[in-house]
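Sequential numbering of the sequence shown, starting at 10, is according to this note's numbering. Glycine included, every Cβ here is placed at the ideal spot set by N, Cα and C. Model, not experiment: these values are computed from the prediction.
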Amino acid sequence: MALNSNGNQPLLEINDLTIGFADARGILLAADRINLRLFRNQTLGLLGESGCGKSVSMRSILGLVPYPGEVIGGSVLWEGQDLSELSRSEMQKIRGKEISMIFQDPTSCLNPVYTIGNQIVETLKIKLKMNSHEARQRAVELLDHVGIPSPEQRLNLYPHQLSGGMRQRVMIAIAIGSKPKLLLADEPTTALDVTIQDQILNLLADLREETGMAVILVSHDVGVIAQNSDIVAIMYAGRIMECGSASDVMLSPRHPYTRGLLTALPTFEHAGERQPLTSIPGQPPNLADLPGGCPFRPRCQYVRDECASIPVVLDRDFPEHASACPFVD
C-alpha cells in the first residue's frame, strides 16, 4: 500500500487496471494498466480526447463497466480493500453511499416519468434508511444546498421541466445526499453554457471544501481540468501518458501528447491579431489496430525509431511528475 509524504493511506488506489471489450477483432483494451492514487480532499483531473478510456475507467471503480466490457486485470483498492473481492450486496453498500457518480448526461440518468422529489427521496430511503418524511426534508435541504431556488416547489417537477443546468444540479444533489467520501464527476459540464459550467464547477469545489470528499473530475477540456484539479493524469488510447500536480503538468509538460494538447489552446499574446490554431496531426488510433510501442508515435513530432518498441509505463524516477516517454529530456 503506497502512502503519501504525510504517511496517509490512499482513499483510492488503482493498480494496473486493464479493461477489455471483446468483439470479432479480438479483445480491445479500453484501459491498459492504469495506475492512479487519490487521497482525501484531493481532486484528480483525468484529461484526454473522447474515446481514450476515461469514462470506462471511472465506471470500473463502481463495477459498472458496460457489456461486453470487463475488467481483465489489476485491482481497485478502496481504503485498502480490493473491490473485486466484494459480493454484489457488499458493493451495493458502497455504491452511491461511500462512492457516488455524476454521469455525463443528466437527461438520460433521471427517470422522465417520476418527479425530481420522488427520485431523490427514493435514493435517500434506500441508501440512508430514512423514512418518507425525513427523506423529503433532506431532499429539500439538498436542492437548496446545490443552489436550486424554491426547492419545495421544484420537488414536484419532472426532469423535462428543468433546464440542463438545473438537471445537473439535481444529479449532484442525489450524488452528495449520502455524503460520499469520493465523487466521480464524469464530464459534469457537458452541453452546458459557460456561465452554468462555471457555477457547477464552483459548486463541486465548495462541496469538497465543506465535506472533505475526494473528487475525480473527467473531462476533455484542458481549462476545466487545469483550474479545478490538484493532480492531473493525461490519458491516450487507454494509457496514462503523464501524471503529476496540476501546476507541473500544465506549466512543464513532460510528454509530447500533453504538449500537443496545451499547444492547441488559443492564446492572447497578440491581441487583435488572428492567429492560426496549432493542432495535433493525424487522428486518435483505432484500438483494434494500435501501433507497436508508444500509441502516440504516428502523431508525435519527436518520434524516433526506438518509439516502436518502448513499453508505455510511467517512469518511476519521477513519481511526483511521471511521464511515459523515456526520451522526455
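1. From the DSSP output, in three-state form, read off His-330 for me.
2. Relative to the C-alpha of Ile-209, which candidate in His-154, Cys-252 and His-169 has its C-alpha closest?
3. Out of Arg-176, Cys-334, Thr-220 and Ala-333, point me to the one whose CA is closest to Gln-51's CA.
4. Less than 9 Å between the C-beta atoms of Glu-22 and Leu-45, yes or no?
5. DSSP state of Thr-199, grouped into three classes?
6. Within this structure, are the beta carbons of Pro-19 and Leu-86 separated by less than 9 Å?
7. Please list, in chain order, all residues of the same chain as Thr-198 whose beta carbon is under 7 Å from its beta carbon, the five residues on each side excluded.
8. Kindly indicate the opening and closing residues of the alpha helix (DSSP H) around Ile-289.
9. CB Val-231 to CB Leu-271, shorter than 9 Å?
10. So Ala-246 packs on Leu-299, CB below 8 Å; how close in whole Å?
11. Tell me, which residues are paired with Asp-32 by DSSP?
12. Which residues in the same chain have their Cβ closer than 8 Å to the Cβ of Asp-314, if we skip the five residues on either side of it in sequence?
13. Are Leu-38 and Ile-243 closer than 9 Å when you measure CB to CB?
14. Would you list, in sequence order, the uninterrupted alpha helix (DSSP H) runs of no fewer than 4 residues that lie entirely inside the stretch 95-146?
15. Please report the Cβ distance between Gly-291 and Arg-308, rounded to the nearest whole angstrom; I am assuming they are in contact, meaning their Cβ atoms lie under 8 Å.
16. Could you pull the start and end residues of the beta strand (DSSP E) that Ala-317 belongs to?
17. How is Met-250 classed by DSSP in three states: helix, strand or coil?
18. Identify whether Met-259 lies in helix, strand or coil by the three-state DSSP scheme.
19. Tell me whether Gly-253 is buried or exposed, calling it buried when 16 or more other Cβ atoms sit within 10 Å of its Cβ.
20. State the beta-bridge partners of Arg-46 as determined by DSSP.
21. Leaving aside the five residues before and after Arg-178 along the sequence, list all residues of the same chain whose C-beta is less than 8 Å from its C-beta, in chain order.
Taking the coordinates as given:
1. strand
2. His-154
3. Thr-220
4. yes
5. coil
6. yes
7. Gln-206, Ile-209, Leu-210 and Val-233
8. Note, Ile-289: premise wrong, no alpha helix (DSSP H); not H, not E.
9. yes
10. 6 Å
11. Gly-35
12. none
13. no
14. 97-103, 115-118 and 125-137
15. 4 Å
16. Element bounds for Ala-317: n/a, residue is neither H nor E.
17. strand
18. helix
19. buried
20. Glu-22
21. Leu-152, Val-155, Gly-156, Ile-157, Ile-209 and Leu-212
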